[in-house]
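These notes are about the structure you will find just below.
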Amino acid sequence: MAASLYSIDCIPERTCSGRLVLLGPSDPGVWKILAYETLSDYQLCYWYAREIERRQAHCARVLPKQGCACLNLSLADLTDASRFIDVARFLTGKSEPGFDQLEIKAVLQSNQNPKSGLASTSRTQLGAAERADEETFVDQLMAQHPVN
Numbered sequence: 457m458a459a460s461l462y463s464i465d466c467i468p469e470r471t472c473s474g475r476l477v478l479l480g481p482s483d484p485g486v487w488k489i490l491a492y493e494t495l496s497d498y499q500l501c502y503w504y505a506r507e508i509e510r511r512q513a514h515c516a517r518v519l520p521k522q523g524c525a526c527l528n529l530s531l532a533d534l535t536d537a538s539r540f541i542d543v544a545r546f547l548t549g550k551s552e553p554g555f556d557q558l559e560i561k562a563v564l565q566s567n568q569n570p571k572s573g574l575a576s577t578s579r580t581q582l583g584a585a586e587r588a589d590e591e592t593f594v595d596q597l598m599a600q601h602p603v604n
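Just so we're aligned, residue 457 is where the sequence shown starts under this note's numbering, counting upward by one.
Here is the structure:
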């Protein structure tokens, strides 16, 4: 998620699109990190991904206790045809929701949301080692201020 947001220049707190659609470190109720203004664009995107993971985990703990059914999904699951069928079963309550599985696979294999042309600037993509270093730095900052 972080690399995707970074690639389309949708940066929390920093770009117009990021301020419009994403939570940022200055918003109430989020995982606070000190001096977030000094973070790189990628680090802010990674912070956002971690904040969303935190919120997902919170909902997975709290909602079942209140009688709400939940289905655990990862981003990778959204491109898996068998998981798509699981989602359909969950949402419809039908054991066989009536989808053509070959058609679903074909749809999931094509990029429904190509990112080309979305960024307002041309970004140099970070290498895996650089991303890992930036993520480790953010993880360390977040560990200094744990949130339940």
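Where is the CB? At the ideal position from N, CA and C, for every residue including glycine. Just so it is clear, the structure is predicted and the values come from calculations on it, not from any experiment.
- For the 8 Å CB-CB criterion, P481 and W503 form a contact.
- In the structure shown, the three-state DSSP call for E590 is helix.
- Contact between R470 and L500 holds: CB atoms are separated by about 6 Å, below the 8 Å threshold.
- Remark: three or more beta-carbon pairs, one from each stretch, lie closer than 8 Å, so the segment 560-567 and the segment 529-541 are flagged as touching.
- Contact check for D497 and I541: beta-carbon distance about 37 Å, past the 8 Å limit, so the pair fails to qualify.
- Under the three-state reduction of DSSP output, R539 falls in the helix class.
- A distance below 8 Å separates the beta carbons of R587 and A459.
- Judged by their CB atoms, E507 and V486 are nearer to each other than the 8 Å cut-off.
- Here the C-alpha atom of S463 lies approximately 10 Å from the C-alpha atom of M457.
- If you ignore the 5 residues before and after Q557, its C-beta comes within less than 8 Å of the C-beta of A537 and I541, all in its own chain and listed in chain order.
- A buried status is given to G474, since no fewer than 16 other beta-carbon atoms sit within 10 Å of its beta-carbon.
- Around the beta-carbon of D589, fewer than 16 other beta-carbon atoms lie within 10 Å, marking it exposed.
- When secondary structure is reduced to three states using DSSP, R470 falls in the coil class, being assigned neither helix nor strand.
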